[in-house]
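Asks: Numbered according to our numbering, the sequence shown spans residues -17 to 656. Cβ atoms here follow ideal geometry from the backbone N, Cα and C, with glycine treated the same way. What follows is a single structure, and I will ask about it in a moment.
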Amino acid sequence: MKVGVEIGGTFTDLVCIDEAGLRLAKVPSTPAQPDDGVFDALRAAGIAPGTMAELAHGSTVATNAVLERKGTRLALLVTEGFRDLLLLRRQDREQIFDIFYRKPAPLVSRRDTLEVPERVLADGRAERALDMDAFGPALDRFIAEGGYGAVAICLLNSFASPAHERALAEWLEARHPALRVTLSADVTREFREYERASTTTLSAYVQPVLDAYLTRIERRLEADGFSGTFSMMQSNGGRVPAAAIRRNAVTALLSGPAAGVTGAIRQAELSGYRDIITLDIGGTSADVCLVQGGRPELTREARVDTLPVLMPMVDITTIGAGGGSLIWVDEGGLLRAGPRSAGADPGPACYGRGGTLPTLTDAHLVCGRIQPDAKLAGAMPLVAAAARAAFGPLAMQLGLGIEELADSAVRIAVANIVSAIRLVSTRRGRDPREYALVPFGGAGPLHAAAVADALAMETVVVPPNAGVISAYGLLAADHSLYDSLTRRTRLDAAAPAAVRDTLAGMRQGLARRADAMGLGADRRWDVTLEMRFVGQAFEIAVPLPPGMMEAPSAEALQAAFEEAYARIYRHGGVIGKRMAEIVSYRVGLHVPQEAVPSLAGIGDDRFTVPEGEVTVFDEGVSRTARRLARKAVGRAPLPGPLVLEDVTATTFVPAGWQAASDEAGNLILRKAAP
């Protein structure tokens, strides 16, 4: 038995694979003690931990520790002269029109930062040696007086030579064995000292939180007889054993959203769709990601609470447009949807748990896209009167009817989602019309057709049981490891040998790590080069074709870079006139998992829908829609408006669209012919 459990902001989802096929469960999350949600989901599914051979897990516990500033008391060691590294940040101003804007406080204060008398040059040579006999007493006093739970070490140019960082770590481990020590050389071996320091401090900050969280789960599993393998999703879309993620906790920051992208890719591929844009709308946020040829875009740098993370991560853009996002009016009298959320407790007003503020879920209920007698997650009853009451004060303030106000809120959320999709598509040289939209999460299928309409996308692929796709993705995900290294390489005659030797060394290192974790021998590799024209300040990602890993040529590398450059900037004026260079290398090792079956049909036997005509308010017009169980939709297209329900999500098909099921169990929405 293999089980995937993903903890979201509102619900905790479970998907199980055993001899009988697939089964699923969906229970409310427990924000105060998130690991309780894992065992609540196991109980709801009737699974005894001792019967599981494998448990794959995804959680936002690391992200929440950063957002809520609930990590450990942290010290930072930096090269002499760089004490204010985290305070200075970069010159950019993220909110240029907010005169009261202040950069978020770093995770480590200035008084908790100690300068180390040493200096390594960019080529790895030590200009100033580290003398622990002279520096040791000052470091001893600093640690003794601070009461720190962890230490992050980020010395200048340690990506080129980590010797000084390792010497500091050995000294600390000998004198202060209870102290957790995180080295930038173990987290990311890339240049740009601010981003590397930010990533290192993030990893050190959340490591004790993640370690305690995983330890609680492991102890409860062991007490219940579990003896299988326990793995956790990483932000790069692959899994690793839980013990491995403890050593580099920053890789777990976006584990839940990454699992959803993986699940959507696997399910969409069953219908032949490999170029897709995923849309994950849960209780708290909306996450979008572009997938080309069945592979998600990876970003070299992401941000958590505006703090940069220099780590290969699935390139997910997140906005506050989930089902629990609050509807409110700003100081200028404009209606807003999100980013603040009602969360899991108390949740939307219609949950009947004491919430009184209107949310997007309440708006869909008021507009009839969610019916009053529907039960979210197959079990949660809704209180329609509470949803209408929540909109009452705003409706009076704006002089609108309750249905009109709720519909306007949904349309604002759709506009926000469309803007997010443009960030990952048109802003990067991709035309969204060439992709299929794949919505999932409990609320994704409610918004999908309107989002696709606004972007002129012709096809929407709604996976079966879309509300648990993230948990499904945990089981479908490969085991993956990544390594990155900054090593500038000009594309001259010496480049092929340098590239070949660098990649060979990185692959050997990853293979040793995979062997130590006991990962399988069937391995797939991918390589991405961060490249730029010589003299430029920033790089673009250039995926390397498999055949070029063993025998790269300077001409082929230059051509690959120029093609990527022209696609992004639509400008070839400098192409062919300037030499390019490689700045950083990124290598991924993937151990493929067994194919998982489709989610189609799961839960249908215990889920019924009172079919018939219902009234929906959409685009400012009251319409009559057909309400059906999703399983009732066959191969012949049905015209909208339709309200289609299954045990985990509701799909709304507006007027002008039609829906049909395909052989893989996916629901295909297309614009109806005029």
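With a CB to CB cut of under 7 Å and the five nearest residues on each side skipped, what residues in its chain are close to Met530?
Replies: Within the same chain, Met530 has close Cβ partners Ala538.
Asks: Please name the residue or residues paired with Gln15 in a DSSP beta bridge.
Replies: None; Gln15 has no bridge partner.
Asks: Curious, which full-length beta strand (DSSP E) runs of at least 3 residues does the segment 508 to 582 contain?
Replies: List check, beta strand (DSSP E) in window: 522 to 526, 562 to 573.
Asks: When you compare each of Arg608, Phe543, Phe212 to Met(-17) by their alpha carbons, which one comes out closest?
Replies: That would be Phe212, whose Cα lies nearest to the Cα of Met(-17).
Asks: Do Ala523 and Arg568 have their C-beta atoms within less than 9 Å of each other?
Replies: Taking 9 Å as the Cβ cut-off, Ala523 and Arg568 qualify as a contacting pair.
Asks: Just grab the DSSP bridge partners of Gln274 for me.
Replies: For Gln274, which the question treats as bridged, DSSP gives the partners Arg277.
Asks: For the candidate residues Pro478, Leu463, Leu473, Ala542, whose alpha-carbon lies nearest to that of Arg505?
Replies: For the residues Pro478, Leu463, Leu473, Ala542, the minimum Cα distance to Arg505 belongs to Leu463.
Asks: Between the segment 298 to 311 and the segment 328 to 343, are three or more C-beta pairs nearer than 8 Å?
Replies: Touching, yes, given that three or more Cβ pairs across the two stretches are closer than 8 Å.
Asks: Quick one: any contact between the segment 322 to 339 and the segment 369 to 378, if contact means 3 or more CB pairs under 8 Å?
Replies: Counting Cβ pairs under 8 Å, three or more are found: they touch.
Asks: Can you give me the C-alpha to C-alpha distance between Val603 and Ala367, rounded to a whole angstrom?
Replies: Whole-angstrom Cα-Cα distance: 21 Å.
Asks: Assuming Glu(-12) and Ala241 are in contact, meaning their beta carbons sit under 8 Å apart, how far apart are those beta carbons, in whole angstroms?
Replies: So it is a contact: roughly 6 Å between Cβ atoms.
Asks: By Cβ distance, which residues of its chain are closer than 8 Å to Gly3, with the 5 residues on each side in sequence left out?
Replies: Only Pro579, Ile584 meet the Cβ criterion.
Asks: Taking Ala224 as the reference, which of Ser143, Gln189, Ala246 has the closest Cα?
Replies: Nearest option by C-alpha distance: Gln189.
Asks: Would you decide whether Gly(-9) is buried or exposed? Buried here means 16 or more other CB atoms lie within 10 Å of its CB.
Replies: Buried: at least 16 other Cβ atoms inside 10 Å.
Asks: Hey, would you say Ala246 sits closer than 9 Å to Val273, going by beta carbons?
Replies: Yes.
Asks: In this structure, how does DSSP classify Thr215 when only helix, strand and coil are distinguished?
Replies: At residue 215 the sequence reads Met, which differs from the Thr that was named. If DSSP states are grouped into helix, strand and coil, Met215 belongs with the strands.
Asks: In this structure, what does DSSP give as the bridge partners for Ser390?
Replies: According to DSSP, Ser390 bridges with nothing at all.
Asks: How would you call Val286, buried or exposed, if buried means at least 16 neighbouring beta carbons within 10 angstroms?
Replies: Burial call: buried.
Asks: What are the complete alpha helix (DSSP H) segments, minimum 4 residues, inside the segment 191 to 263?
Replies: Within the segment 191 to 263, the complete alpha helix (DSSP H) runs of at least 4 residues are 224 to 228, 237 to 251.
Asks: I need the straight-line Cα distance from Arg171 to Pro86, nearest angstrom please.
Replies: Between Arg171 and Pro86, the C-alpha separation is close to 25 Å.
Asks: Compare the beta carbon distance of Asn447 and Leu24 with 9 Å and say whether it is the shorter of the two.
Replies: Not a contact, by the Cβ cut-off of 9 Å.
Asks: Looking at the secondary structure, which residues open and close the beta strand (DSSP E) in which Ile29 lies?
Replies: Note, Ile29: premise wrong, no beta strand (DSSP E); not H, not E.
Asks: Closest by CA to Gly28, which one among Val296, Leu(-4), Ile564?
Replies: The option with the nearest alpha carbon to Gly28 is Leu(-4).
Asks: To the nearest angstrom, how far is the alpha carbon of Ile650 from that of Gly210?
Replies: Spanning the two alpha carbons is a distance of roughly 38 Å.
Asks: For Asp389, does the count of other Cβ atoms within 10 angstroms reach 16, so buried, or fall short, so exposed?
Replies: Buried, since its Cβ has 16 or more Cβ neighbours within 10 Å.
Asks: Could you compute how far the alpha carbon of Arg277 sits from the alpha carbon of Leu96?
Replies: Going from the Cα of Arg277 to the Cα of Leu96 covers about 42 Å.
Asks: Once you ignore the five residues that flank Met114 on each side, which residues in its own chain have a CB closer than 6 Å to its CB?
Replies: Same-chain partners within the cutoff: Trp153.
Asks: Relative to the alpha-carbon of Ser41, which residue among Ser217, Phe141, Lys613 has its alpha-carbon at the smallest distance?
Replies: Nearest of Ser217, Phe141, Lys613 to Ser41, Cα basis: Ser217.
Asks: What are the start and end residues of the alpha helix (DSSP H) that includes Tyr417?
Replies: Run containing Tyr417: none; DSSP gives neither H nor E here.
Asks: Ignoring anything shorter than 3 residues, give me the beta strand (DSSP E) runs that lie fully in the segment 46 to 86, in order along the chain.
Replies: For the segment 46 to 86, whole beta strand (DSSP E) runs of length 3 or above, ordered along the chain, are 56 to 61.
Asks: What span of residues does the beta strand (DSSP E) with His158 cover, start to end?
Replies: Run containing His158: none; DSSP gives neither H nor E here.
Asks: Just reading off the alpha helix (DSSP H) that Phe589 is part of, what are its end residues?
Replies: Element bounds for Phe589: n/a, residue is neither H nor E.
Asks: According to DSSP, Phe634 sits in a beta bridge with which residue or residues?
Replies: Answer is Val625, bridged to Phe634.
Asks: Within the segment 82 to 160, note down every full alpha helix (DSSP H) run reaching 4 residues or more, in order along the chain.
Replies: Counting whole runs of 4 or more residues, the segment 82 to 160 contains the alpha helix (DSSP H) stretches 114 to 128, 145 to 157.
Asks: Assuming Phe64 and Leu138 are in contact, meaning their beta carbons sit under 8 Å apart, how far apart are those beta carbons, in whole angstroms?
Replies: Yes, they are in contact, since the Cβ atoms of Phe64 and Leu138 sit about 6 Å apart, within 8 Å.
Asks: Would Arg32 and Phe208 be called neighbours here (beta carbons separated by less than 9 Å)?
Replies: Position check: residue 32 holds Gly in this sequence, whereas Arg was assumed. The answer is yes: Cβ separation under 9 Å.
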